[in-house]
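Reviewing the structure listed below.
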Amino acid sequence: MAKIELEKAYEASKSEDKIYQKWEESGLFNPDNLPGDRQEYFSIAMPPPNVTGILHLGHALENSLLDTQIRYQRMLGKRALLVPGTDHAAVATQARVEGDLKKQGMANPRQELGREGLLAKIREYAENSKSTILNQIRKMGTSCDWSRLAYTFDEPRSEAVNEIFRLMYEDGLIYRGYRVINWSVKGQSTCSDDELEYVDQKTKVYTFKYSADFPISIATTRPETKLGDTAVAINPNDERYQKYIGQKFTVDVGAKNPLTITIIGDENVDINYGTGAVGVTPAHSQIDFEMYQKNKEIGLIQVIGRDGKMTEEAGKEYVGLGINEAREKFVAYLQANNLLEKEEEITNSVGTSDRFGDIVEALPMEQWFIDVNKQIASRGRSLKELMREAVTVGHNGDNKKIVKIEPDRFQNVYLKWIDNLRDWNISRQIWWGHQIPIWYCDCGHYFYSSNTPDSCPKCNGKNLKQDEDTLDTWFSSGTWTFSTLGWPSESNDLLKFHPTSWMQMGYEILFFWMARMILMSTYALDDIPFKEAYIHGILRDKNGKKFSKSLGNGLDPIEMINKYGTDALRLSLLKGTAPGNDARFYEEKIEGTRNFVNKLWNISRYILQSVESAEIIKSEPESKTLSDQWILSQLNKTIDQATKYLNESQFSLAIEVLTDFTWNDFADWYLEIAKIEGDKNQILLYILQNLMKVWHPFCPFITEEIWSNFNAGMLMIENWPTSKEVDDKLVQSDFSLIKNIVSAIRNLRSENKIEPAKRISAIFLANNEENKVIIESQREIIEHLARLNELTIDQQNPETPKKIENAAANVIDGIEIYLPLEGLVDLKAEAKRLTKEIEEIEKYCKGIEAKLSNQEFVANAPAAVVNKEKQKLAEGQEKLEKLRNQLATFN
RNA sequence: GGACUAUUAGCUCAGUUGGUUAGAGCGUUCGAUUCACAUUCGAAAGGUCACUGGUUCGAGUCCAGUAUAGUCCACCA
């Protein structure tokens, strides 16, 4: 049979697309098609990338995590499902398209194109972008089930959104309310508290009085809003001002009407901060609005409009002015009238819209909200409580229905956020999104309907109009884990795959997304959305800066794939990062992993070219030499560790142990021995095949490519190797003496001083045959060498290492060689260390003995404490004995 | 103001119930290399694990505090 020849170096670009196609055509990404009796289900909902652009490194990281996990689970024999999808990303997408249109010279796309026209443009953009990003996900090798492809804005998902809206509406959780909300003038839409990005700015704080005879001074950073003040709040315990509570003052500051300022008491006002009094502007501050709700009689005056300009209420002199102009004018007025007492520069932070970038205005408006505190009749508690419960005691108190957050510190972050959570504003004034399924009739009645209703259920009127607003994009994303599985119908998928098994996301969307998924799922399905949430950090560039378009420091994953291959990219993203921590990422990292991928290729190339046929080796071949025994035990140990790490989602550590074995133990060490000892094809093939399996989740392409040389099916659906019991007697450190001898010999060989083949074998065979035991420790090797040479080992004699060197040299035919034994036989130091440790533990044991012989202690201390002391003593003595025995072998 | 994270080799980072001599990759230096692989191999140098205390027989690891950097939240009258 012809030997198998591989190309000299692995060329990813030649294989990858072909292999992905093979996988996709096999239909095996779909768990329904997986062969074998797979009882256990494993599912992941892919965090849907926004249809706003192309794949970036963050996506690449997520795909690497997701696919590694799902491939591993599939190989474990589970019905593994990874549902792919995309997110319509309401605001983000519309902002993007509007921005593009403006760049092309359209001044106001909404006006010029109208709702339908603009939506068509956005749809076109989204579809394009969607197909780009889905193809890029294929490039990443992601083994998701394309037959279940979902989109947050497609029919089934819209149905889910409408249905959950109905449920919440009927439960009274969704309500329409007049509130102060965050308004982006640029985007002409509201945004939720979480969508704000706070930036520091330098600004002035002005201390002033409304009029010369007004008794209390107040301070503000927003003078222009003071035209809408209706009250001054002071602490009711403030002796300076409490006498004014309830009094009304009329002041004329130039607004349309003179202001009536009521003095109200409020516990939250800090007596010692500033002037100890707060000017209350109910229309333009959330906190002031809350005060207004408690004291409705003070009234509310809106002086800033949706266009970001002063309203008529602000007065003739101000109407139509921008914020800054109005501010200057008002400050000038204060100065002119001698009302301004102080002007200081401070740094404060202002909320900006994360999508449109402008500073948001607080405006009062009629909007849709989700009430997070209301008791839900069917659940007996509030959404807040549901959200809290799912990560603490478990949903419904069932500790099996618990969302485990990894790393767990994010649990606190999440819980803290819930504590501060206010009602969630879900309506947006943009057009790209799920339109709110509420219809208004001329008669004033409004009602829910999932489709266009015929008539008003109250008055039978036919003139109906749907609410023009759309839903916050996170409203639909929140349903993702179950809307992708067929909810609201009781589909088979839903029964089998929900709750999903695993979820991963960056910490920056913890609140946006994880919280909303938990909310939606616990509410609508009475279950958690996923069992485990793995939180990863964000990738930064070499200098620790975030990757961003504006900085131009982005690395294009597709470019990296073309240059280094997908496997290398995937490995480099997962390597050397700990869960939840940010990681720096740069091209040299990929170079390193590319080298490793190539190593994998060359190992295979070497083995395959030397074997006659590449059958699958089903069971562990018999070992003939010590080196065989060692490498196989190393393999088993490595599989064990990698499995453990993968079960804990410790991808980086799994890669580390696998790399160490593959490169150091197998390629650099065992393959070299194999060249000398010969006749190892079975073992080589066996190890190679196992390597392909364990590397497959990380490097799916190259492993599948190599696997195709065996007479077998697809690697993707092979079973994960189970390790045979590891022989603890042969651990790596015990082998290092032999390793060192061999490397010394290899050096000699390279200097052409010896022809080593027979001699290395001699060491191994001698160890095995003459003793008929496996070497247990360095010491044993030394002793063994000593016996062969009839040497007496004198641990105390400084000459000993030298003698051992000579002995080893004799074993291999009396050739004089240098053996690097330092670090291995520093027995004196070892003995000294042991003696010291024994002394310490003796002292420790004596201490406990003394305590135990103290009658008072034994009589008075609780039994548990006494027992614990006894146990400690027993442990100490046990250890002492072990150490003494160890020391004895030295003498 | 409240938290969280990080601080380990020149650089980037691992180090998960406390346990022998703290690791990796890159970089540096020296050497090797027709025989799977220069996308290679061997070796070396390089560490007061930020600092100060504490707990422990034993601390990079646990506790308290300090410093520096970063992130989040709240407040911003």
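Just so it is clear: in the first sequence, position 489 is 479 by our numbering, and no numbers are missing. Glycine residues also receive a C-beta, built at the ideal position from the N, C-alpha and C atoms.
Sorted by chain position, which residues of the same chain lie with C-beta nearer than 6 Å to residue i's C-beta, five sequence neighbours on each side aside?
| i | result |
| --- | --- |
| Gly423 | Ala80, Thr460 and Leu461 |
| Ala664 | Lys670 |
| Tyr115 | Val87 |
| Gly476 | Asp483 and Leu484 |
| Ala35 | Val73, Trp470, Thr471, Thr474 and Thr490 |
| Arg882 | It is not possible to answer for residue 882, since the shown part of the chain is limited to -9 through 881. |
| Tyr554 | Ile580 and Arg584 |
| Ser639 | Tyr524 |
| Gly289 | Thr220 |
| Asn571 | Gly527 |
| Pro687 | Thr58, Arg61 and Tyr62 |
Taking 8 Å as the limit between beta carbons, can you name the residues of its chain near residue i, skipping five residues before and five after?
| i | result |
| --- | --- |
| Gln672 | Ile607 and Pro611 |
| Val243 | Tyr200, Ser201, Lys216, Leu217, Leu249, Phe320 and Tyr323 |
| Arg100 | Glu88, Leu108, Gln178 and Trp421 |
Give me the Cα-Cα distance between residue i and residue j, rounded to the nearest whole angstrom.
| i | j | result |
| --- | --- | --- |
| Leu561 | Thr83 | 31 Å |
| Ala140 | Asn225 | 55 Å |
| Ala209 | Glu331 | 9 Å |
| Arg371 | Arg156 | 19 Å |
| Asn543 | Thr42 | 19 Å |
| Arg212 | Trp407 | 28 Å |
| Lys455 | Asn338 | 43 Å |
| Gln292 | Leu353 | 8 Å |
| Asp658 | Gly26 | 38 Å |
| Pro146 | Cys431 | 28 Å |
| Cys449 | Tyr165 | 22 Å |
| Gln425 | Phe346 | 21 Å |
| Ala245 | Arg418 | 31 Å |
| Asn40 | Asp618 | 52 Å |
| Asn592 | Glu549 | 24 Å |
| Asp724 | Lys394 | Bear in mind that a pLDDT of 41 at Asp724, under 50, signals an unreliable position, so the number given afterwards is only what the model happens to contain. One C-alpha to the other measures close to 40 Å. |
Return the Cβ separation of residue i and residue j in integer angstroms, given the expectation that the two are a contact with Cβ distance under 8 Å.
| i | j | result |
| --- | --- | --- |
| Leu636 | Trp421 | Not confirmed; about 45 Å, so no contact. |
| Gln604 | Phe691 | In the sequence under discussion, the amino acid at residue 604 is Ala, which differs from the Gln named in the question. Not really, about 19 Å apart at Cβ, beyond 8 Å. |
| Asp77 | Ser467 | 6 Å |
| Ala367 | Asp161 | 6 Å |
| Ile251 | Val241 | 6 Å |
| Ala505 | Ile154 | With a Cβ gap of about 15 Å, Ala505 and Ile154 do not count as contacting. |
| Asn885 | Pro427 | With the chain covering -9 to 881 only, the question about residue 885 has no answer from this structure. |
| Gly312 | Gly298 | 7 Å |
| Leu411 | Lys364 | Not confirmed; about 13 Å, so no contact. |
| Asp409 | Ile360 | Not quite, the Cβ-Cβ distance comes to about 17 Å (not below 8 Å), so this is no contact. |
Check whether the Cβ of residue i lies closer than 7 Å to any heavy atom of the ligand COA, and answer yes or no.
| i | result |
| --- | --- |
| Lys238 | For the structure depicted, the ligand COA is absent and the ligand set is empty, with no information on it obtainable. |
Less than 7 Å between C-beta atoms, sequence neighbours within five positions excluded: which residues of the same chain meet that for residue i?
| i | result |
| --- | --- |
| Leu529 | Leu47, Gly48, Leu51, Phe537, Ala573 and Phe575 |
| Gln494 | Glu52, Leu55, Leu56, Tyr524 and His526 |
| Gln631 | Val647 |
| Lys391 | Gly384, His385, Asp517 and Ile518 |
| Asn20 | Asp135 and Ser137 |
| Met682 | Thr693, Ile696, Trp697 and Leu705 |
| Glu10 | Position check: residue 10 holds Tyr in this sequence, whereas Glu was assumed. Closer than 7 Å at Cβ, skipping near neighbours: Arg128 and Gly131. |
| Glu(-5) | Gln599 |
| Leu103 | Lys111 |
| Asp655 | Ile621 and Gln624 |
### Query
Can you give, in chain order, each stretch of the alpha helix (DSSP H) that sits fully within the segment 442 to 481 and has at least 4 residues?
Complete alpha helix (DSSP H) runs here, min 4: 463 to 467 and 470 to 473.
### Query
What are the complete alpha helix (DSSP H) segments, minimum 4 residues, inside the segment 337 to 406?
373 to 381
#### Entry: the segment 466 to 482 touching the segment 432 to 444, judged by at least three CB pairs closer than 8 Å
no
### Task
Report yes or no: do three or more beta-carbon pairs, one from the segment 3 to 13 and one from the segment 52 to 60, lie closer than 8 Å?
Below 8 Å, too few C-beta pairs join the segment 3 to 13 and the segment 52 to 60 to call them touching: fewer than three.
### Query
At a cut of 8 Å, does the segment 263 to 277 reach the segment 157 to 170 through at least three beta carbon pairs?
yes
### Query
Is the segment 108 to 124 touching the segment 56 to 73, taking contact as three or more C-beta pairs under 8 Å?
no
### Query
Mind pulling the alpha helix (DSSP H) runs of 4 or more residues that sit fully within the segment 63 to 122?
80 to 93
### Message
If we require 4 or more residues per run, which alpha helix (DSSP H) segments fall completely within the segment 671 to 720?
### Response
671 to 685 and 690 to 697
#### Entry: Uninterrupted beta strand (DSSP E) stretches inside the segment 204 to 291 (no shorter than 3 residues)
208 to 210, 221 to 224, 238 to 241, 249 to 255 and 267 to 270
### Message
Ignoring anything shorter than 4 residues, give me the alpha helix (DSSP H) runs that lie fully in the segment 588 to 642, in order along the chain.
### Response
616 to 637
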